[in-house]
Each structure stands twice: as C-alpha cells, then as structure tokens.
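For reference, each letter of the sequence shown is one residue, going 1 to 146 in full-length UniProt numbering.
Virtual Cβ for every residue (Gly too), placed ideally from N, Cα, C.
The structure presented is a predicted model; accordingly, all values stated were derived computationally and were not measured.
Here is the structure we will look at, set down as structure tokens.
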Amino acid sequence: MSYVRRFDHVGITVADLDVVTAFFVALGLEVEGRAFVEGEFLETVCGIPDSRTEIVMLKSPDDGARLELARFVRPDSVPGSPAAMSNELGLRNVSFEVNDLQAAVDWAASEGYGLVGGIGEYEGAWRMAYVRGPEGIIVSLAERVG
C-alpha cells in the first residue's frame, strides 16, 4: 500500500523572507500566498511551544510542486551553515528545469550568487549547475539538451 498521493511541496526556513522570495520570483516562481501561522496547530506540528512563523508559498509556472519559505518570528531561528557543501547531511538542493541555463546562471551572477562548482553535461541529455542562492540555499538549475 502506498501512503503518498502526490508530491506537494518542499519547505525551507529562512532568515530574510523578502530577499529569498524575491530571488525565487525573479527565477520564475509565482507567489501563491503569504500568511502568518501560529497557535496550537503550529506548536503541535513543529513541536515548538509559542511559535509564530510567516510563510510564503511559491508555485512553479506549470502548477507542479510548490516551495514553502518560512521565517520564524518566534522563537528566533537557529543558524545553519550557509556554506554547506553538497555532501552535508540535510536538504541538498532545490532543483528547477530552466529554458536557458547560461542565461539563468548569468542572471544569478549579476545578483551576486555564484556557482558552487561549474556547468556540467550529463550524457548529452542535460546541462546542470548548482547556484548558491540567498542564505546559502543551493539551487540546481537544469536544461535539457539534444
């Protein structure tokens, strides 16, 4: 028996919700909604008493999976490692298929976000690069080739 019906979203906790939201909107995602969440539901689900978060839900242009960005209003966030490498345990990257990889990488660079490594090609089918976005989030950008 399968318990999963569909993939819904990935959630990322961030410190500056506006900066991270702007990055993903400029990349091509659309804001679906923004709200504060607090109370018994949040405390029960995240296991943090008296917590309050502000969330932004983003969706891809194809209405596929969504990306939830959350900023804790209380308690204060616990810092992560913005320089984490790809082999560090935890969330590895958020991945998007793009129309023009070089243009997306050039845009990211113009905004101050560099490549983790370089642009690689996989078996003549995909070109891909990791960009370290705001707050150290690794964003995988992939373009079909051939």
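Environment of residue i [buried if 16+ CB atoms lie within 10 Å]
i: GLU123; result: exposed
i: VAL25; result: exposed
i: GLY133; result: buried
i: ALA129; result: buried
i: VAL145; result: exposed
i: VAL45; result: exposed
i: VAL19; result: exposed
Host alpha helix (DSSP H) of residue i (start-end)
i: ALA22; result: 17-27
i: GLU40; result: 40-46
i: VAL105; result: 101-110
6 Å CB neighbourhood of residue i in its chain, flanking five on each side removed
i: ALA108; result: VAL131
i: GLU143; result: VAL98, LEU101, ARG127
i: THR53; result: VAL37, ALA70, PHE72
Sequence-distant residues of the same chain with beta carbon closer than 8 Å to residue i, five excluded per side
i: VAL94; result: VAL10, ILE12, LEU67, ILE137, ILE138, VAL139, SER140
i: SER81; result: GLU88, GLY136
Residue range of the unbroken beta strand (DSSP E) whose run includes residue i
i: ARG89; result: A small correction: the amino acid at residue 89 is Leu; Arg does not occupy that position in the sequence shown. Element bounds for LEU89: n/a, residue is neither H nor E.
i: ARG144; result: 138-144
i: ARG132; result: 126-132
i: GLU121; result: 120-122
Spatial neighbours of residue i in its chain, beta-carbon cut-off 7 Å, leaving aside the 5 residues before and after
i: VAL56; result: LEU17, THR21, VAL31, ARG34, LEU69
i: LEU83; result: Going by the sequence as given, residue 83 is Ala instead of Leu. Correct list, in chain order: GLY136.
i: SER51; result: GLU38, LEU42, GLU43, PHE72, ARG74, PRO75
i: LYS59; result: LEU29, GLU30, GLU32, ARG66
i: GLY64; result: none
Which residues DSSP lists as bridging residue i, in chain order
i: ALA70; result: THR13, ILE55
i: GLU32; result: Per DSSP, none; premise fails for GLU32.
i: GLU97; result: ALA142
Determine contact between the stretch 69-79 and the stretch 95-107, defined as no fewer than three beta-carbon pairs at a distance below 8 Å.
Contact fails: fewer than three Cβ-Cβ distances are below 8 Å.
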